[in-house]
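**Q** Got a structure for you, written out below as structure tokens; questions coming shortly.
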Amino acid sequence: MSDTAVDVTGVTDAELLQCIAVLQKLHGEEAHAQFQSLPRFKALRTALVPLITDLRAKFYHGNSTTSNQSRQEQKRARKVEKARRKALDQQYINNTKLRAGRLAKLKALLTENPLLAQIPDGVATVNEEMARKPLTETGEKEEENVEEKETEELHYHRACYTCKVKFKKLHHFYDRMCPSCAELNYKKRLQKADLRGRIAVVTGARVKIGYEITLKLLRGGAMVVATTRFPKDAAFRYAKERDFDDWKGRLQIYGMDFRDLGVIDKFMDHIENTFGRLDILVNNATQTIRRPVHYYKHLIESEVKPVPDSMAQVYEILRGNANLLPNATGSNAPSESSGDSINGAAIVSANGDSSSAVIASASSVSASVLLSQVPLVAEDHHSEYTGALFPKGQLDNNKQQVDLRTSNTWVQKIDQIETMELVEVFAINTMAPFILNKRAIPLLEKSSNARRFIINVSAMEGKFYRAKTPNHPHTNMAKAAANMMTRTCANDLARKGIYMNSVDTGWINDENPRDVAVRTADIHNFQTPLDEIDAAARVLDPIFALHQEGNTDKPLFGQFLKDYMVSEW
């Protein structure tokens with residue numbers, strides 16, 4: 002009733018006050034009990050019924066107090082049960098092999114340094130051996146003996162990373178894919194091919210996807226020429242593989258920085274003179290997140306120092322690099338007969354202090370190593386602040402330097418991108434693959450194999466048919482340009498038996514600044530749905546799929562491939 006409405010009750014203010022006073026006397030526990038039981042209050046109880054009924058409808062949706070309490074208890078019980086089911090689902094999800102393997106690595110990292118937040122990523126430890134298992138000496142694939150794993154059923158649906166279908170049944174290895182997509186991905190992850198007699202070039206082969214691509218090719222029997230800015234570090238990594246002795250004679254590692262475009266022609270001249278032909282080119286090297294010079298300082302010392310005796314086996318896979326590239330003084334590297342053909346020189350120290358420079362022979366240091374320490378943008382210049390963002394000795398799951406910057410390329414807009422970074426991205430992501438492809442085509446034509454391949458490793462950022470954020474426009478542009486190279490050249494090359502495709506690797510990393518990535522992982526129990534072995538399997542599938550028993554498909558060419566299928570550009 003509004004304040005201006007006419008009062009038709011006939012109740013005076015004095016009567017109203019007296020009524021309120023009487024009711025307040027009945028609020029006490031004992032008084033309330035007597036009000037409900039004594040006959041003298043029956044008339045009052047009867048008079049209050051119409052008013053109480055109206056209030057009860059408002060307070061308890063028409064239920065009694067007892068009924069309302071029961072309803073609230075049921076509501077609380079449902080909430081507890083929902084929390085229990087969510088906790089169980091999280092446990093089931095974390096028990097899938099990809100997640101469990103990453104979490105095991107994360108636990109080990111946190112044991113080493115509990116004060117430094119880390120991210121659960123990288124290659125899963127569980128199932129790693131099977132995914133990396135080589136072919137037998139006859140070229141036959143060994144039986145995988147993959148037994149059917151018992152899987153859990155979730156209480157709540159998840160959306161499949163690949164096909165977006167909602168599912169509850171978990172795969173034993175993947176947690177973000179429906180059963181059918183997970184089974185396909187698992188089969189492809191373990192897929193092998195007999196590539197004996199093939200010669201492949203893989204760029205960006207030191208860590209992560211490029212590393213796994215190289216291993217898959219080597220274990221398939223191919224000869225692999227791998228490029229990286231840090232050849233010794235790459236060699237040390239490969240030398241630690243359990244089957245290194247099986248394929249070390251088929252691996253050569255070269256130090257190259259694709260920001261120096263002039264070195265690519267020299268490299269391809271060397272490939273032509275040394276091997277005479279090619280069968281496979283994988284353009285994997287890319288710059289997505291620019292790292293300042295501090296990020297690479299921990300690698301410098303091992304690159305310029307002599308190879309330790311315990312790692313002497315890497316001489317063989319670095320020999321070609323020592324003979325190809327100019328040393329720090331610009332002269333040609335010495336011949337293989339020179340005893341110092343691989344060991345390093347007094348060129349740069351790990352901390353930038355010339356007084357503590359590491360002494361070794363100048364001939365051994367690739368120009369790519371030196372270029373990593375050349376300051377080009379403001380954040381490259383040393384300061385106490387920038388040094389603290391890259392804590393010494395702190396490495397992630399991929400044995401890469403921990404980067405504590407709160408902003409990086411992935412979250413920067415067009416007005417925040419340094420001009421030099423734009424130039425770097427186009428040099429590495431677009432121009433270098435163009436030059437490599439141009440120089441590789443005559444060598445691919447010389448192969449006696451009927452099918453030759455160029456894989457341009459791409460990403461969803463380079464697609465036009467996809468919503469875009471305003472972030473990292475330069476990497477989007479560079480990838481789109483590389484995709485256009487595939488679309489433009491592939492049909493013509495296919496007539497020559499050279500099959501070129503662009504391939505998306507899938508989501509294997511959270512590229513956000515570390516504090517954001519750590520927070521996302523903690524709050525949402527987040528992990529990317531794939532690892533580097535999955536990514537490598539995607540990249541090589543246009544080649545490997547054709548080598549499967551009974552496969553009669555024609556080679557794909559001129560396509561953008563995502564999740565093992567043709568996708569729109």
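For reference, each letter of the sequence shown is one residue, going 2 to 570 in this note's numbering. Just so it is clear, CB atoms sit at the ideal spot from N, CA and C, and this is done for glycine as well.
So is residue 28 buried or exposed if we call it buried at 16+ other beta carbons inside 10 Å?
**A** Exposed.
**Q** With respect to the alpha helix (DSSP H) encompassing residue 301, which residues constitute its N-terminal and C-terminal limits?
**A** Note, residue 301: alpha helix (DSSP H), 298–305.
**Q** What number of angstroms, rounded off, separates the C-alpha of residue 293 from the C-alpha of residue 390?
**A** Distance between the alpha carbons of residue 293 and residue 390 is about 10 Å.
**Q** Taking Cβ positions, are residue 304 and residue 370 nearer each other than 8 Å?
**A** Cβ atoms of residue 304 and residue 370: closer than 8 Å.
**Q** Tell me the DSSP secondary structure of residue 387 in three-state form.
**A** Looking at residue 387 - three-state DSSP - the assignment turns out to be helix.
**Q** I'd like the list of long-range same chain contacts for residue 234, defined as Cβ closer than 8 Å, with 5 residues on each side in sequence excluded.
**A** Contacts found: 207, 300, 303, 304.
**Q** Drop a sphere of 10 angstroms on the beta-carbon of residue 13, count the other beta-carbons inside from all chains shown, and report buried for 16 or more, exposed for fewer.
**A** Exposed, by the Cβ-count rule.
**Q** Taking DSSP's pairing of strands, which residues face residue 206 in a bridge?
**A** DSSP lists no partner for residue 206.
**Q** Can you pull the DSSP bridge partners for residue 282?
**A** Beta-bridge pairing links residue 282 to 202, 455.
**Q** Report all residues from its chain with a CB closer than 7 Å to the CB of residue 563; omit the five preceding and five following residues, and keep chain order.
**A** Closer than 7 Å at the Cβ level, and outside the excluded window around residue 563, lie 505.
**Q** Determine which residues share a DSSP beta bridge with residue 502 and list them.
**A** Paired residue(s): 456.
**Q** Can the beta-carbon of residue 560 be found less than 8 Å from the beta-carbon of residue 430?
**A** No. Outside cutoff.
**Q** In this structure, how does DSSP classify residue 253 when only helix, strand and coil are distinguished?
**A** Three-state result, residue 253: strand.
**Q** Report buried or exposed for residue 198, applying the criterion of at least 16 other Cβ atoms within 10 angstroms of its Cβ.
**A** The residue in question, residue 198, is exposed, as its Cβ has fewer than 16 Cβ neighbours within 10 Å.
**Q** Would you kindly report the start and end of the unbroken beta strand (DSSP E) that includes residue 160?
**A** Segment 154–160, the beta strand (DSSP E) holding residue 160.
**Q** Would you mind giving the Cβ-Cβ distance between residue 160 and residue 170, rounded to the nearest angstrom? I have them listed as a contact below 8 Å.
**A** About 14 Å separates the two Cβ atoms, so there is no contact after all.
**Q** Relative to the C-alpha of residue 180, which candidate in 196, 191, 195, 162 has its C-alpha closest?
**A** Closest by alpha carbon: 162.
**Q** Near residue 296, what residues of its chain come up, given a Cβ to Cβ distance below 7 Å and the 5 sequence neighbours on each side ignored?
**A** Excluding residues within five positions, the ones whose Cβ falls inside 7 Å are 391, 402, 404.
**Q** Can you give the Cα-Cα distance for residue 56 and residue 94, rounded to whole angstroms?
**A** If you take the alpha carbons of residue 56 and residue 94, they lie about 48 Å apart.
**Q** Based on DSSP bridge pairs, tell me the residues matched to residue 591.
**A** Within the shown structure, residues of the chain are numbered from 2 to 570, placing residue 591 beyond reach of any answer.
**Q** Rounded to a whole number of angstroms, what is the C-alpha to C-alpha distance between residue 184 and residue 422?
**A** Using only the alpha carbons, I get a separation of about 40 Å.
**Q** Where DSSP assigns a beta bridge to residue 562, which residues make up the other side?
**A** Bridge partners of residue 562: 504, 567.
**Q** With a threshold of 8 Å, are at least 3 pairs of Cβ atoms found where one atom belongs to the region 528–541 and the other to the region 480–497?
**A** Output reads no: the region 480–497 does not touch the region 528–541.
**Q** What does a CB cutoff of less than 8 Å around residue 474 pick up in its chain, not counting 5 residues either side in sequence?
**A** Same-chain partners within the cutoff: 414, 415, 418.
**Q** Within the region 3–45, note down every full alpha helix (DSSP H) run reaching 4 residues or more, in order along the chain.
**A** Those alpha helix (DSSP H) runs which fall completely within the region 3–45 and span 4+ residues are 14–26, 30–38.
**Q** So, is residue 380 buried or exposed, given that buried needs 16 or more other C-beta atoms within 10 angstroms?
**A** It counts as buried.
**Q** Please look up how many angstroms separate the CB atoms of residue 256 and residue 230, rounded, as I've assumed it's under 8 Å.
**A** Correct: roughly 6 Å between the Cβ atoms.
**Q** For residue 470, is the classification buried or exposed, using 16 other Cβ atoms within 10 angstroms of its Cβ as the cut-off for buried?
**A** Exposed is the call here.
**Q** Taking one C-beta from the region 449–457 and one from the region 499–513 each time, how about it: are there three or more such pairs within less than 8 Å?
**A** The region 449–457, when compared against the region 499–513, does touch it at the 8 Å Cβ threshold.
**Q** Between which two residues does the alpha helix (DSSP H) carrying residue 447 extend?
**A** Run containing residue 447: none; DSSP gives neither H nor E here.
**Q** Using the three-state DSSP reduction, which class does residue 268 fall into: helix, strand or coil?
**A** Here residue 268 sits in helix by DSSP.
**Q** What number of angstroms, rounded off, separates the C-alpha of residue 409 from the C-alpha of residue 72?
**A** Using only the alpha carbons, I get a separation of about 51 Å.
**Q** Just list the residues that DSSP pairs residue 396 with in beta bridges.
**A** Paired residues: 402.
**Q** Classify residue 174 as helix, strand or coil using the three-state DSSP reduction.
**A** Coil.
**Q** Please list the segments of the alpha helix (DSSP H) lying wholly inside the region 516–553, counting only runs of 4 or more residues, in order along the chain.
**A** As far as the region 516–553 is concerned, its whole alpha helix (DSSP H) runs of at least 4 residues are 533–545.
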